[in-house]
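Colleague: Residue numbers (our numbering): 114 to 341.
In this text, a Cβ means the ideal position worked out from N, Cα and C, and glycines have one as well.
(1) As a quick exercise: from 193, 129, 130 and 276, pick the residue whose alpha carbon is nearest that of residue 320.
(2) What's the C-alpha gap between residue 267 and residue 218?
(3) Nearest to residue 241 by CA position, among 225, 279, 323 and 215, is which residue?
(4) I need the boundaries of the alpha helix (DSSP H) containing residue 265, first residue and last residue.
(5) Terminal residues of the continuous alpha helix (DSSP H) containing residue 233?
(6) Using DSSP with H/G/I as helix, E/B as strand and the rest coil, what is residue 151?
(7) Just how far apart, CA to CA, sit residue 264 and residue 190?
(8) Indicate the three-state DSSP secondary structure (helix, strand or coil) for residue 177 in the structure shown.
(9) Only counting the same chain, and skipping five residues up and downstream in sequence, which positions put a Cβ closer than 6 Å to that of residue 338?
(10) With three or more C-beta pairs closer than 8 Å as the rule, is the stretch 167-180 touching the stretch 192-208?
(11) Check each candidate in 257, 246 and 261 and name the one with the smallest Cα separation from residue 274.
(12) Under a three-way DSSP split, which group does residue 160 fall into?
(13) Who are the near neighbours of residue 186 in its chain, counting only those whose CB is closer than 7 Å to its CB and skipping five residues on each side?
(14) Ordered along the chain, which non-local residues of its own chain (more than five positions away) have a Cβ less than 7 Å from that of residue 157?
(15) Label residue 137 either buried or exposed according to how many other C-beta atoms from any shown protein chain fall within 10 Å of its C-beta, with 16 as the threshold for buried.
(16) Could you tell me which residues DSSP pairs with residue 121 in its beta bridges?
(17) List, from N- to C-terminal side, the beta strand (DSSP E) runs of 3 residues or more that fit wholly inside the stretch 177-218.
(18) Excluding sequence positions up to five away, which residues of its chain have a Cβ less than 7 Å from the Cβ of residue 211?
(19) Whole-angstrom Cβ separation of residue 140 and residue 130, contact assumed at under 8 Å?
(20) Can the beta-carbon of residue 126 be found closer than 8 Å to that of residue 317?
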């Protein structure tokens, strides 16, 4: 029987680390976007030999712009989420960005709103979904060290009671001094390293700021990861 897999994506982290790893600094804002289901299938293809895995859910945690302060970005985020949720296995958990500066939208404004509570929501779900037996293998893609306590707990539980197993995923790119992956202990948890070729295979180049009737589809992606 195949192991059921949940993929937990810290969306802003996944997106920004892809940009930093594989694109120039001033690349278009679409650079770094990926198709979450295509990404999940790449990760499942890297599972241990002889241990079949089945994708149960892709759970995406992200901030979403405030509809009043930034209606264009809010609409784009909603279109992107709607595109993801065409696949019933995708679940999105969003929280409105906080801390908009008083001069937001005016020339010279450099301060940006911030995500609040996204990493906490992800960490709680990794633990609660695991304890409830909802997955056999949970793969977390983030480099946010705030998630470490949740993975440490699940690692201790795996050692004492067996499944569920938690793993992490990361882009294999040049991040300088910034961490690519979450580390619990030496060699733990197991990390799925994703190369630039993996990234090009799952990249999503669509511009979600354009209303759906005007949005041209992105070019076809090569490889076996394109959703049918």
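Modeller: Here's the rundown:
(1) 193
(2) 43 Å
(3) 279
(4) 261-274
(5) 231-244
(6) helix
(7) 29 Å
(8) strand
(9) Its pLDDT being 47, under 50, residue 338 is placed unreliably in this model, and the coordinates cannot settle the point.
(10) yes
(11) 246
(12) coil
(13) 178
(14) 118, 166 and 168
(15) exposed
(16) 172 and 253
(17) 203-209
(18) 226, 227 and 229
(19) Rounded, the Cβ-Cβ distance is 14 Å, inconsistent with contact.
(20) no
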